[in-house]
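Single-structure report; data block below.
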Amino acid sequence: MPQVPVSSARARAAATCLVALSSCLACTAVVETGSDGTPRRVPSENGSGASSSGGGGTDSGSGAGGANTTNPSTDPGTVGVRRLNRAEYNNTVRDLFDTSLGLSPESFPQDDKAGGFDNNARIQTVTDLHVGHYRTTAKAVIAEALGKEPRSAAFTCDEPGDFAACAGQIAEQFLPLAFRRPVPQTERARFVSVATTAKADGGTETESLAWMLEAALLSPSFLYIVELDPEPTALTARPLDDFELATRLSYFIYSSTPDAPLRAAAVEGTLREPAALVAQLERMLEDPKARAFTDNFAGQWLPIRDLDEAQPDATRFPGFDEALRGAMRSETQLLFRDVLTGTLSAKELLVPSYGYLNDRLAEHYGLAPVGSKEPIKTPLAETGRGGLLQQGTVLASFAHPTETAPVLRGQWVLTKLLCQKVPSPPNGIPPEPGAVAGKSRRERLAEHRVNPSCAACHAMMDPMGLSLENYDVVGAWRETDQGVPIDPSGTLPDGRAFANPRELAQLVAEDPAFPRCLGRHLYSYALGRETMDGTMDEQVVSELASKFVASDYRLAELVKAVVASKPFLSRRGDPSVEEVAP
Amino acid sequence: MSRFPMLGRRALLRGAGVCLALPFFESLRPRELRAADAEVAKRVLYWLIPNGVIEEDWRPGAAGALDAAKLPRSLKPLADVASHVNILSGLDNLPATPDGIGDHAPGLAGFLTCASANRDNNDVRLGTSADQLAAQGLLARGVKTLRPSLELSMTGPPGFCDDYPCPYGSSMSWSDPKTPRAPRRDPRDVWSYLTGATSGGPLTADEQARRLRGDTSVLDLVLEDVTSLQNKLGASDRHKLDQYATAVRRIESEISALPPTSCKLRDEPPANVTGYEQRFNLMMDLQLFALECDLTRVISFMFATSFGPGSMPWAGVPDDFHNLTHHEGEGDNKEKILKCIDWEVKQVAAFVARLRDTPEGEGSLLDNVSLCVSSDVGRGARHNHDNLPVLLAGRGGGAWKTGRHLVFEPEDKTARSLAGTRDPQKRATASAMPNSNKLANLHVSLLETLGVQGAVVGNSHRSLPQLVT
Chain A
0 MPQVPVSSAR ARAAATCLVA LSSCLACTAV VETGSDGTPR RVPSENGSGA
50 SSSGGGGTDS GSGAGGANTT NPSTDPGTVG VRRLNRAEYN NTVRDLFDTS
100 LGLSPESFPQ DDKAGGFDNN ARIQTVTDLH VGHYRTTAKA VIAEALGKEP
150 RSAAFTCDEP GDFAACAGQI AEQFLPLAFR RPVPQTERAR FVSVATTAKA
200 DGGTETESLA WMLEAALLSP SFLYIVELDP EPTALTARPL DDFELATRLS
250 YFIYSSTPDA PLRAAAVEGT LREPAALVAQ LERMLEDPKA RAFTDNFAGQ
300 WLPIRDLDEA QPDATRFPGF DEALRGAMRS ETQLLFRDVL TGTLSAKELL
350 VPSYGYLNDR LAEHYGLAPV GSKEPIKTPL AETGRGGLLQ QGTVLASFAH
400 PTETAPVLRG QWVLTKLLCQ KVPSPPNGIP PEPGAVAGKS RRERLAEHRV
450 NPSCAACHAM MDPMGLSLEN YDVVGAWRET DQGVPIDPSG TLPDGRAFAN
500 PRELAQLVAE DPAFPRCLGR HLYSYALGRE TMDGTMDEQV VSELASKFVA
550 SDYRLAELVK AVVASKPFLS RRGDPSVEEV AP
Chain B
0 MSRFPMLGRR ALLRGAGVCL ALPFFESLRP RELRAADAEV AKRVLYWLIP
50 NGVIEEDWRP GAAGALDAAK LPRSLKPLAD VASHVNILSG LDNLPATPDG
100 IGDHAPGLAG FLTCASANRD NNDVRLGTSA DQLAAQGLLA RGVKTLRPSL
150 ELSMTGPPGF CDDYPCPYGS SMSWSDPKTP RAPRRDPRDV WSYLTGATSG
200 GPLTADEQAR RLRGDTSVLD LVLEDVTSLQ NKLGASDRHK LDQYATAVRR
250 IESEISALPP TSCKLRDEPP ANVTGYEQRF NLMMDLQLFA LECDLTRVIS
300 FMFATSFGPG SMPWAGVPDD FHNLTHHEGE GDNKEKILKC IDWEVKQVAA
350 FVARLRDTPE GEGSLLDNVS LCVSSDVGRG ARHNHDNLPV LLAGRGGGAW
400 KTGRHLVFEP EDKTARSLAG TRDPQKRATA SAMPNSNKLA NLHVSLLETL
450 GVQGAVVGNS HRSLPQLVT
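Those protein sequence lines, which keep their order, are chains A and B. Quick note: the first sequence uses numbering that gives the first Met the number 0, first residue 0, plus one each step. Quick note: the second sequence uses numbering that gives the first Met the number 0, first residue 0, plus one each step.
So this is what it looks like as structure tokens:
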């Protein structure tokens, strides 16, 4: 959707800061090469590395026998209570109330990301700003639902004459949906009393029911995904119950509350059977609601959301408008969807034989019209287009307003497709020396790499980014830069050479780090946390990669493998001791 | 995404099927609010401009009186209000450089906390910011305004923040070391918050009171739910729900407060204002409104979150501001950076002039305001946190004279060099040195103007005496 054009180049700008000036510290020292397919242990790969799980021998005095230490080969790690982020909240009220109302992207605070995703429990915070919007949105959604003629079944009762009984019935119908679990009578009674008290205070029946429903939508049981352990601080792993599993699965694929078949399976207690779980997953992936997976997983793993903030200089690139931005977004989303449905292998994200273009985007790319205003499947072999590295989404997201940003493009490939960590530079960065006029980008960057401590990272990033220099700030084709012909060939530090972006993309697709990296991102997104030291996470990521490769890079198989992993199916408590905030 | 059109006030009101009514019931106004009316209101504002300044074009030479005719390039827009501002040179905020790169994020986070950002996604921990200490201090003194504080920003979080946990780069107000207060960035949202506008038809006092009882019963139930859930959770999760309970309690305290009837409320800002400049102007109007009507005494406002607003075509600069600062020496980049700064200082000057021109009591609003402007870094090209640019407008209720250039020096000069090392021990030592030129000490002085005494802001150890004499 059109975003307020606030700080367009923030992603790029930040990353410039990260790489362009830095004297990188031994990039390769923490790089997971994976050249032999055997993962090395890389504690801080791609992210800050969740080091403080609070596990490992910390004892808060609880715990069934022997539960005070974790075993890294069996510990599933811990996932804290997780607040519904904006997308999840909006999808959830959509599914519960059949509404298109929701939290406003302009007013609701943007959800913070950790490890690349905004569904991370540990980074989340909440203030009255959030709650104020949860509250006003709840009021609006409820007023709309209760004002409908006829009301949906969840909000009607059999004996309208008896208000208390009616409120009781609605609570019985609605609260288990809202809280994604069975809600005992004693708990329901407290909500019902909100309605009956309001009624006794002179409210109308509708007003009084609205108060009850509002209490439900502001309850932590609704706003937070909560998994309660019998021993909240014990390290003993336990399997999730059916409702917890249905919830995890649903927010993973739908970014929303469990649908009727999932709830039914949970009520029957059959969801945990592996075959039933796979069947549910396959059904869900076919459901239109699975688009949320493309919006929220692919939207953040790939720079689809970042594209919203690209702000090329309007004077130099007057052709870049919202229609073109939308066509670029669709190109990436539709190709990803083909990967998700199994039409393509995940490698073909990088080297597909076709893509989705409309006339506008084809013209922008300098290709023949495709004869459609809507994006359609278009053969693209030998056109220099199609793969992620040749799509406007990546090219325009990683550019400055007035010039391309080869380092940022290279850095994106390195961190998001190969999961290599680019370390931080030291303090006291000096002003960058002025550029020497008449030098090509390649020459300028070569000078930039004279410092050996820079070279470790830039030897990887620069050849990748420079290979994409034929694509300008908005991803259109060009032959020269500042009058200098562009040479898209290059060599990676390990000697692998490529002639053009397509060959580079092929190298990335064939790199053993790629499937492992995709697996890592997916796993982190599914659990709502980054990988943690001292747990079985690294082992799981390796297993995911093996299964993924064995399936010939079928994304659906990777999704199934994540869901079948022990950390997805089970959990443990968290013995960490929180210091008291002053 | 288009499934979810922005839920603006109109959508909300449509959804509620009722029309807007501002509650105006004197009988419902809390007694504290009326008591606060009697005190001369001192207010404090903290503004952050992104990406630093260029020192040689900012610093007005030697210490002494500011000569409006001889201001350096970046301060020229202040000529008309030079007698109402102080320029403070030489202040350091050494905790704002916790380590290495990412200095924009911890710099922004450190502006008001003067604390070092903990670089761990699993343990976001900073300090309590000066503006929140002000709000908490005023409440503790029994000074209650409609809203305890207002946090504003022109932009949302930076798109890229993995190198530091995101909250550091997007929130400079922290109500405790673990709770960043995400700023409001939608002018209509700010207006709703300031006016307390609620959905609901023209209500009688009885209906209004009944509504309040309904809200209270809902929020009380929610708080009970939080407590019962907390008993079943580990420490980290309990803390998360504490945060939620704190937020709910604040909502509960605010729904009963109503705007003063003595002040003319502003109209709701128009919908769909997307241009930065237009939204900026609305944010200026809203801040002035809040100050004039004494709706809050504490405001923090960011021209942009870390890494800046992107390109600034409205300032005549099509290139990314932050990126320019990293290539300051190339081509005409320095001139472009200066143009961005010119625009920012022009906005500061225009706002100061509006404060000056707003009568209050015997004088002007400006007399009772402290507007502290600084940046997330000293100079964009250097990412330094020594010798920060600091502009202080207003007289803090008569606490100090204006029209001066004050120059500060660290008594122990090793602080700056120690702070530049990679050794966390040495950096901590540098931050803790009792040098008088700490930005944190300025914050203590500003808090004192509000009657909030004895506050500790990050690494502060005293107030800034040179300011007051």
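Glycine included, every Cβ here is placed at the ideal spot set by N, Cα and C. Keep in mind that this is a model prediction, so the values were computed, not measured.
Do residue j and residue i count as a contact pair if the criterion is CB distance below 8 Å?
i               : j               : result
A194 of chain A : L176 of chain A : no
L217 of chain A : A137 of chain A : yes
Q123 of chain A : R81 of chain A  : yes
P258 of chain B : G195 of chain B : yes
L388 of chain A : F513 of chain A : no
P400 of chain A : D319 of chain B : yes
P308 of chain B : M153 of chain B : yes
P186 of chain B : L285 of chain B : yes
G341 of chain A : D358 of chain A : no
G233 of chain B : G572 of chain A : yes
State buried or exposed for residue i, treating a residue as buried only when at least 16 other CB atoms are found within 10 Å of its CB.
i               : result
T534 of chain A : buried
Q424 of chain B : exposed
Q184 of chain A : exposed
P416 of chain B : Reading the sequence as shown, one finds Ser at residue 416 of chain B and not Pro. Per the 10 Å Cβ criterion, exposed.
R421 of chain B : exposed
G409 of chain A : buried
C590 of chain A : Because residue 590 of chain A is not part of the residues shown, which for chain A are 0 to 581, the question remains open.
K263 of chain B : exposed
A81 of chain B  : buried
Q279 of chain A : buried
V467 of chain B : exposed
Which class does residue i belong to by DSSP, given the choice of helix, strand or coil?
i               : result
D493 of chain A : coil
L128 of chain A : helix
I141 of chain A : helix
M535 of chain A : coil
F116 of chain A : strand
T69 of chain A  : coil
Y586 of chain A : Because chain A here runs from 0 to 581, residue 586 of chain A falls outside it and cannot be looked at.
A398 of chain A : strand
E556 of chain A : helix
V142 of chain B : coil
S541 of chain A : helix
T293 of chain A : helix
I252 of chain A : helix
S99 of chain A  : coil
Y364 of chain A : coil
K565 of chain A : helix
Can you tell me whether residue i sits near the ligand FAD, meaning its C-beta is under 7 Å from at least one heavy atom of the ligand?
i              : result
T91 of chain A : In the structure shown, the ligand FAD is absent, as is every other ligand, since no ligand is present at all.
**Continuous alpha helix (DSSP H) assignments of at least 4 residues falling wholly in the stretch 173–201 of chain A** = 184–199
**Asked** What are the complete alpha helix (DSSP H) segments, minimum 4 residues, inside the stretch 60–133 of chain B?
**Response** 103–112
**Inside the stretch 173–241 of chain B only - beta strand (DSSP E) runs reaching at least 3 residues** = 173–175
**Prompt:** Quick one, which residues of the stretch 528–556 of chain A are near chain B if we go by CB-CB under 7 Å, in chain order?
**Reply:** E529
**Request:** Determine which residues of the stretch 181–200 of chain A have a Cβ less than 8 Å from any Cβ of chain B, and write them out in chain order.
**Result:** R189, F190, V193, T196, A197 and D200
**Request:** Select from the stretch 383–407 of chain B all residues with a C-beta closer than 9 Å to any C-beta belonging to chain A, and list them in chain order.
**Result:** N383
**Request:** Only counting runs of 4 or more residues, tell me where the alpha helix (DSSP H) segments fall wholly within the stretch 433–482 of chain A, in order along the chain.
**Result:** 440–447 and 451–465
**Prompt:** Which full runs of the beta strand (DSSP E) of 3+ residues lie inside the stretch 387–465 of chain B, going along the chain?
**Reply:** 387–392 and 403–406
**Residues in the stretch 275–305 of chain B having any Cβ partner in chain A nearer than 8 Å** = Y275, R278, A303, T304 and S305
**Item:** Where the stretch 213–237 of chain B meets chain A: residues whose CB sits under 8 Å from a CB there
**Value:** G213, S216, V217, L218, L220, V221, E223, D224, V225, L228, K231, L232, G233, A234, S235, D236 and R237
**Prompt:** Counting only runs that start and end within the stretch 276–360 of chain B, where is the alpha helix (DSSP H) found for 4 or more residues in a row?
**Reply:** 320–325 and 332–355
**Request:** May I ask you to list, following chain order, the residues of the stretch 305–318 of chain A that have a beta carbon less than 8 Å from some beta carbon of chain B?
**Result:** D305, E308, Q310, D312, A313, T314 and R315
**Request:** Name, going along the chain, the residues of the stretch 125–139 of chain B whose beta-carbon falls closer than 9 Å to a beta-carbon of chain A.
**Result:** T127
**Request:** Could you name the residues of the stretch 334–355 of chain A whose beta carbon sits closer than 7 Å to any beta carbon of chain B, in the order they occur along the chain?
**Result:** none
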